[in-house]
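Next comes the structure, spelled out in structure tokens:
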């Protein structure tokens, strides 16, 4: 009978310790989720305040800047397209100038 009491007390104690360990783990898990929930609620509140302060013009301003940048890029691409023609023209002028300069030098000499 003494052994039976010891066995029952040991089983009861191990169940109690297991329950205590499980409740401690669940409590820590709940604390981490609560911290995360608080951080998300604070972030949502700050975002809501920021967006409520913004007007339609504030939101439209980046769109206008983007359109301006696209216009500048298109203009830049157009000028880049003219570069080969400009280079050919400059080469033609240099070659004509060099031939004329060389021709006058040959006549003198």
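In the numbering used here, the protein residues as written are 7 to 115. Built from N, CA and C at the ideal position, the CB exists for glycine as well.
So for residue 61, helix, strand or coil by DSSP?
Here residue 61 refers to the residue found at position 55 of the chain shown. Residue 61: coil per DSSP, three-state reduction.
How many angstroms separate the CA atom of residue 12 from the CA atom of residue 29?
On the chain shown, position 6 is the one that residue 12 refers to. On the chain shown, position 23 is the one that residue 29 refers to. Cα to Cα, the separation comes out at about 25 Å.
To the nearest angstrom, how far is it from the Cα of residue 38 to the Cα of residue 75?
Working through the chain shown from its first residue, we reach residue 38 at position 32. Working through the chain shown from its first residue, we reach residue 75 at position 69. Approximately 46 Å, taken between the alpha carbons.
Work out the CA separation of residue 77 and residue 86 for me, nearest whole Å.
Counting from one through the chain shown, the residue named residue 86 turns up at place 80. Counting from one through the chain shown, the residue named residue 77 turns up at place 71. Going by the C-alpha atoms only, they are around 14 Å apart.
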